[in-house]
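Numbering (my numbering), first residue to last: 10 to 180. Every residue gets a Cβ at the ideal spot worked out from N, C-alpha and C, and that includes glycine.
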């Protein structure tokens, strides 16, 4: 890797979501949560939000601040083979540079707070940047998705023991 370095400063922090990695949804599209980003007190940041409220979704660029190391190969949870895959072919948080992106629903903006839904970040996650989601530029339905194209839709059967089945049936 290069000897160059970059210094980044968060523009804000997420409030909401779980505190530990196991609490984070696998992907934002699978989440059902609410929270907000609070921008730090810095000249121009709130002004920089002008025009953003008209977008339904935004991209968050953030830091995986709870990862202490990276791995060149990982075993994603969706991978039924158990064979490790290169980190760059996954969305694993275990990256050489702990930077993540996530498309989230934008609810509203009030002052220095950006209210969002359906995110896969943890409480306190540092936010590096925010960009508008542009459907014409950011969505590419039907394109190849590498090893994920080989996954078959699977159905998981759950078996309940004892009186649990009766309780589930009641619900």
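Can you give the Cα-Cα distance for residue i and residue j, rounded to whole angstroms?
i           : j           : result
residue 145 : residue 86  : 30 Å
residue 153 : residue 143 : 20 Å
residue 62  : residue 117 : 6 Å
residue 51  : residue 123 : 15 Å
residue 98  : residue 155 : 8 Å
residue 109 : residue 102 : 7 Å
residue 89  : residue 64  : 37 Å
residue 23  : residue 132 : 6 Å
residue 160 : residue 40  : 21 Å
residue 14  : residue 58  : 28 Å
residue 91  : residue 28  : 27 Å
residue 151 : residue 100 : 19 Å
residue 141 : residue 115 : 10 Å
residue 79  : residue 119 : 36 Å
Are the Cβ atoms of residue i and residue j separated by less than 8 Å?
i           : j           : result
residue 81  : residue 96  : yes
residue 21  : residue 67  : no
residue 121 : residue 56  : no
residue 73  : residue 105 : no
residue 113 : residue 69  : yes
residue 19  : residue 94  : no
Buried or exposed: residue i, going by 16 or more other Cβ atoms within 10 Å of its Cβ?
i           : result
residue 218 : Nothing about residue 218 can be reported from this structure: the residues present for the chain run from 10 to 180 only.
residue 149 : exposed
residue 128 : buried
residue 170 : exposed
residue 77  : exposed
residue 130 : buried
residue 26  : buried
In the DSSP assignment, find the unbroken beta strand (DSSP E) run with residue i in it and report its ends.
i           : result
residue 146 : Careful: residue 146 lies outside any beta strand (DSSP E), inside the alpha helix (DSSP H) at 144-147.
residue 24  : 21-24
residue 71  : 66-72
How many whole angstroms separate the CB atoms of residue i and residue j, which I take to be in contact at a CB cut-off of 8 Å?
i           : j           : result
residue 134 : residue 71  : 5 Å
residue 45  : residue 125 : 7 Å
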